[in-house]
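Input: a single structure, listed below in structure tokens.
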Amino acid sequence: MSCSTNQAEYFFQPIAENPNSWTNNLAIGPSLKFIDGSMVRLIHSQPTGSNAPRLGFGFYCNGNCTYFLLAVFMYSQGRDSKAPQVIWSSDRNNPVRENSTLEFTREGDLVLRNVDGRYAWSTSTSGRSVVGVKLTEVGNLALYDRRNSTIWQSSDHPTDALVLGQKLVEGQMLRASVSALDWTEGLYSVSVNASGLVASIQSNPPVPYFESIVSGKKKSKTPSYMKYLNGSLALYILNAKPDTPDRRLPVPLASSSIQFLKFGPDGHLKVYDRLNVVADLLTIQYYGDCGYPLFCGSYGICSSGQCSCSDLASNGTSYFSPVDERQPNLGCRRITPLSCEPHDSHDLLELKEITYFSLTGGIKDTDIESCKQTCLSNCSCKAAFFKIHQNDSHGECFMQSDIFSLIDQRKHGDNYKRYAFIKVQNIKQNAFVPPPAVDVTPPGRTWKFIIIASLCVTIFSLVFISYITMKKSVLGEDERYLDQLPGIPTRFSYKDLKAATGNFCTKLGQGGFGSVYEGALSNSTKVAVKRLEGIGNIKKSFLAEVETIGSIHHVNLVSLIGFCADKSHRLLVYEYMCNGSLDKWIFCEKQDAGLDWKTRKKIVLDIAKGLSYLHEECKQRIVHLDIKPQNILLDNKFNAKVSDFGLSRLMNRDESKFMTTMRGTFGYLAPEWLSSVITEKVDVFSFGIVVLEILCGRPNLDFTQPEAERCGQLLNLLERKAKEDRLHDMINEKCVDLQLHREEVVDMLKVAEWCLQRDYSERPSMSVVVKILEGVLDIRTNKIDYLSSPLSPSKTSWGPVPSTLLSPCVLSAPR
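So in our numbering, the last spot in the sequence shown is 839, and the numbers never skip.
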């Protein structure tokens, strides 16, 4: 059976109708083990043809099976069965454990919960008349309504594979896993942009290693995309018309409906047919395997497909060592970490005829010494690459801040000379120690000096011993407490985090509690390291709060990976969010740099879900207290995650110069702060302000305006436009897509309106907001009591105190 672009996918028998549920254990049904150590637990299985592999839906694991993916996979059975291939999974970065549950709710939502009952993933389809879930013949998981219309499908949420007929639209990407045993998103990505197909390594910024560019000028505002067809991978770039692709990358014709593309940890995009690899679409002709950025790991030198660190030395001094002697492809690590001290503490290790997989944006017409000095004077520069024609005196210089595999150019000769200058830390020799001076003290005074010196040494020794004993006692107590904490996040040493951040070199931002730095762990996982300031020695309260925050896991909350409590050093290690904070996306002046309506709508829902979890689903209720765009972070797919929750329990209340006694940021503070009656409804108010800013494209308080006009600018405008029944006037006029969805945007403005009521008991809970945004509930139409002048000292009479009050020990402050 062939598969064409216009052909409707044939549905097999449904997996289930709602309500239903499945538990990830041996009772679920058939469990199959495979030769590579992987295992699947089947919720559903269906044939794809005679003597052909089968499609399955269920739980997949590999290795020791501590964690599982909810996945769609292809597998075969029998003596010669191959390893199964996952073609879609719910959330690779958040796998679940044994006895986790998948629930198909009566409301039509497919919800995955971990063994402790905590939310892990869902289709967010409640209230959309979903009645069943099916698996199509190409491996597309679909939820449908009574008219058999698809409400949700996995092909709209690509991971690292494409099935026949699936699109990859501009703004989406395929992300390869770290390895076969580590399913979390790695550094390789494939995406489509206004120029064509691009495969990149995720750095800052992403660097392409393969491109299929379509020349010409884009003639349509329709987003570019590629579509996987039977026989080709079609690129729709300039016109984006369904029947006229701008380019076709040839793909072998499918022998069955279950051919698929898989983007692997090695950076290759391979075509699988009946579990056999039949083609590779991302081949690098000139350098071969050496052209893939991670082929030899960071700083590894690739020569004809072989990896080594041996050339990373000078005059007998080695600056790098293999990460693993038995696996040279894992790369090389610095023996001495690179610091951001003055550049006279750095050297440049010269490597001749060594180049890089991608050299763009260089400094032209420069000499080799200028190139070297430019890198030495730039803290972010980790290496400089110089390229010069054999007959020229000047060449081109390229600076790199992230270093992946290096390429030995000697077997690819041309008319250019190439140099790599790797920045290394000076390894200073032992300083010369002068001989002791000759004692010329008169003999008669010698005994006096001896007695005085002896007394001083004795007193100092006693004080020093007492101090060390007391210090060891305190540290010993702290270490014993650390050992007794169950489930505490990963503990890092200060040395580890200093190396991971390059001695805190790349600063991402500054908050009231300290600075945030970019880093990478030993497994190449990018992280954000927050260096807390002013906490002092370890306290049990600090560690208890780390334990609490580390136990909070939700897809819309930034995850705490680990911490450091090493002597006086206090650091927190968070997941890295490559698209930064929300404010830079909604307050930008350029229209083409903003977000479309679909993305803004999803961001608002993501924020609401994160707050709802903190308020109602945590074992200990948490109120954030500083919801603002700067505390909303975006990942590579523009999924929004709330950051900096729980930090007030790590800090004293007066340690940030950016903080007020009220806790929070002006422009986002709820009026009840003046009454000192604080509930989770202060977050609801701040959420309403953020929604206004997302839809209006400007901050609530614009400090470019005169001080007398700053207070409640957007709130004043909201009240006036609501009374005039002209809420649509508030919509960001620079964003054309928001104007095209005017009615939906106005509906969301009404949600914000409800959240901004003066009387906090009249504001909705965040769980109600989530249901409204998902279409399950209708917004209330009661009269809104506006707050025209928030936090005015003359207005201190607020509504009644609700029954749920929170003590300061469970409140969360801003960064």
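Quick reminder that beta carbons are idealized off the backbone N, C-alpha and C, glycines included. Predicted, not measured: the structure shown is a model, and the values here were computed from it.
Distance between residue 111 and residue 294, taken at the CA atoms: about 12 Å.
For residue 790, the enclosing alpha helix (DSSP H) starts and ends at 790-797. In the three-state reduction of the DSSP assignment, residue 601 falls in the coil class, being assigned neither a helical nor a strand state. Burial of residue 144 is indicated by the presence of at least 16 other C-beta atoms within 10 angstroms of its C-beta. For residue 552, no alpha helix (DSSP H) run applies; the uninterrupted beta strand (DSSP E) run containing it begins and ends at 550-556, by DSSP. Cβ-Cβ separation between residue 196 and residue 215: approximately 7 Å, consistent with a contact (criterion under 8 Å). Across the set 59, 290, 242, the C-alpha of 242 shows the shortest separation from the C-alpha of residue 269.
For a cut-off of 8 Å, the C-beta gap from residue 223 to residue 336 is around 27 Å, too long to register as a contact. Within the stretch 326-376, the complete beta strand (DSSP E) runs of at least 3 residues fall at 330-332, 344-346, 356-358, 370-376. Take residue 85, set aside five residues on each side of it, and the residues of its chain with a beta-carbon closer than 6 Å to its own are 63, 92, in chain order. By the neighbour-count criterion, in which a residue is buried when 16 or more other Cβ atoms sit within 10 angstroms of its Cβ, residue 416 is exposed. Within the DSSP bridge table, the entry for residue 588 names 595 as partners.
The stretch 598-605 and the stretch 512-526 do not touch, with fewer than three beta-carbon pairs separated by less than 8 Å. The Cβ atoms of residue 199 and residue 213 sit closer than 8 Å to each other. If you look at residue 393, you'll find it in the alpha helix (DSSP H) that goes 392-400. Distance between residue 763 and residue 749, taken at the CA atoms: about 17 Å. Taking residue 545 as the centre and dropping the five residues before and after it, the same chain places the C-beta of 524, 551 closer than 7 Å to its C-beta, in chain order.
Secondary structure of residue 83 (DSSP, three-state): strand.
Note that the stretch 655-668 touches the stretch 571-590; at least 3 beta-carbon pairs, one per stretch, sit closer than 8 Å.
Judged by DSSP in its simplified three-state form, residue 435 adopts coil rather than helix or strand. The criterion of a C-beta distance shorter than 8 Å is satisfied by residue 134 and residue 146. Note on residue 166: 16 or more other CB atoms within 10 angstroms of its CB, so buried under the neighbour-count rule. Nearest to residue 327 by alpha-carbon distance, out of 302, 353, 340, is 353.
Restricted to the stretch 123-159, the beta strand (DSSP E) segments that are unbroken, complete and at least 3 residues in length are 125-128, 134-137, 143-146, 154-159, listed in chain order.
Per DSSP, reduced to three states, the secondary structure at residue 385 is coil, with no helix or strand assignment. Within the same chain, Cβ atoms closer than 7 Å to the Cβ of residue 355 are found at 320, 321, 322, 323, 324, 347, the five residues on either side in sequence being excluded. For residue 222, the uninterrupted beta strand (DSSP E) segment begins and ends at 220-225.
The beta carbon of residue 530 sits closer than 7 Å to those of 404, 541, 542, all from its chain and outside the five residues before and after it, given in chain order. Between the alpha carbons of residue 384 and residue 421 lies a gap of roughly 10 Å. Cβ-Cβ separation between residue 113 and residue 95: approximately 4 Å, consistent with a contact (criterion under 8 Å).
Secondary structure at residue 169: strand, using DSSP grouped into helix, strand and coil. Looking at the DSSP output, residue 533 shares a beta bridge with 540. Under the three-state reduction of DSSP, residue 68 is assigned to strand. For the pair residue 331 and residue 437, the Cα-to-Cα distance works out to about 20 Å. Annotated three-state conformation of residue 300 is strand, per DSSP. Burial of residue 426 is indicated by the presence of at least 16 other C-beta atoms within 10 angstroms of its C-beta.
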